[in-house]
Amino acid sequence: MPTSEREHHSGRSSGEMPSEVGDHLGVFDRFATHASNFVSRAWFFMMCVLLVVIWAPSVFVLPDVDTWQLIINTATTIITFLLVALLQNTQKRADDAVQQKLNAIAGGLSDMMERLARDHPELRDDRDELRQAVGLEERESAE
């Protein structure tokens with residue numbers, strides 16, 4: 297089916313099919329992906345555990361416990377704050393990619409149901425319900 301006819305039947309506009317989505321990532325997206333890959337490794341977690349294991353007994357050794365505790369608390373808070381932003385970026389891009397794939401599957405199914413409805417009129421209601429369900433996300437989205 298030609299693109300314009302597919303758009304007419306399924307209500308999709310160009311750029312929504314997974315094969316039509318560009319693979320260009322901005323600088324921040326690439327950085328967020330690398331950061332996500334870096335912090336999701338087991339050795340990164342082990343480094344964090346090691347830092348806590350080294351830090352915990354230092355409370356008894358260092359004379360100025362308040363300063364050391366302030367430093368470790370500030371450092372971990374800043375790192376956590378930045379990682380949440382970076383990881384949220386990669387999670388949103390993953391969610392968007394999954395949603396595009398689901399929309400493509402639903403659109404293809406709707407197109408198939410449209411063709412089959414010619415011989416099986418009872419499919420029209422199911423097709424309309426599917427189209428309404430797929431469009432629901434766009435209407436309720438806060439974007």
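Anchor point for the sequence shown: position 89 equals 385 in the working numbering, and the numbering is continuous, going up by one each time.
No residue lacks a Cβ here, since even glycine has one placed at the ideal position from N, Cα and C.
> In this structure, does DSSP put proline 353 in helix, strand or coil?
Replying inline: Within the sequence shown, numbered from 1, the residue matching residue 353 stands at position 57. Here proline 353 sits in helix by DSSP.
> Given that a residue counts as buried once 16 or more other Cβ atoms are within 10 Å of its Cβ, and exposed if not, what is asparagine 369?
Replying inline: Mapped onto the sequence shown, residue 369 falls at position 73. Asparagine 369 comes out exposed.
>> Taking its Cβ as the centre, do 16 or more other Cβ atoms sit within 10 Å of asparagine 333, making it buried, or is it exposed?
In response: Against the sequence shown, residue 333 aligns to sequence position 37. So asparagine 333 counts as exposed.
> What does a CB cutoff of less than 6 Å around aspartate 422 pick up in its chain, not counting 5 residues either side in sequence?
Replying inline: Along the sequence shown, one-based indexing puts residue 422 at 126. Same-chain partners within the cutoff: there are none.
>> Could you compute how far the alpha carbon of alanine 393 sits from the alpha carbon of glycine 431?
In response: Taking the sequence shown and counting its residues from 1, the one referred to as residue 393 is at position 97. Taking the sequence shown and counting its residues from 1, the one referred to as residue 431 is at position 135. A direct Cα-Cα distance of roughly 17 Å separates alanine 393 from glycine 431.
>> Please report the distance separating the alpha-carbon of alanine 331 from that of leucine 382.
In response: As a first step, residue 331 is located in the sequence shown; it is residue number 35 there, counting from the start. As a first step, residue 382 is located in the sequence shown; it is residue number 86 there, counting from the start. C-alpha separation (whole angstroms): 7 Å.
> Between alanine 402 and leucine 419, is the Cβ-Cβ spacing less than 8 Å?
Replying inline: Numbered from its first residue, the sequence shown carries residue 402 at position 106. Numbered from its first residue, the sequence shown carries residue 419 at position 123. It is not a contact, given that the beta carbons lie outside the stated cut-off.
> CA-CA distance, glutamine 428 and leucine 366?
Replying inline: As a first step, residue 428 is located in the sequence shown; it is residue number 132 there, counting from the start. As a first step, residue 366 is located in the sequence shown; it is residue number 70 there, counting from the start. So the alpha carbons of these two residues sit roughly 54 Å apart.
> How many Å lie between alanine 338 and valine 345 at the Cα?
Replying inline: Position 42 of the sequence shown, counted from the first residue, corresponds to residue 338. Position 49 of the sequence shown, counted from the first residue, corresponds to residue 345. Taking the straight line joining both Cα atoms gives about 11 Å.
>> My output table needs one value for serine 336: the three-state DSSP class, helix, strand or coil.
In response: Working through the sequence shown from its first residue, we reach residue 336 at position 40. Residue state, collapsed to three classes: coil.
> Less than 7 Å between the CB of valine 323 and some heavy atom of the ligand MN, yes or no?
Replying inline: Looking for the ligand MN in the displayed structure turns up nothing, as the structure carries no ligands at all.
> Going straight from the alpha carbon of leucine 321 to that of phenylalanine 377, what length do you get?
Replying inline: Here residue 321 corresponds to residue number 25 of the sequence shown, with the count starting at 1. Here residue 377 corresponds to residue number 81 of the sequence shown, with the count starting at 1. Between leucine 321 and phenylalanine 377, the alpha-carbon positions lie close to 23 Å from each other.
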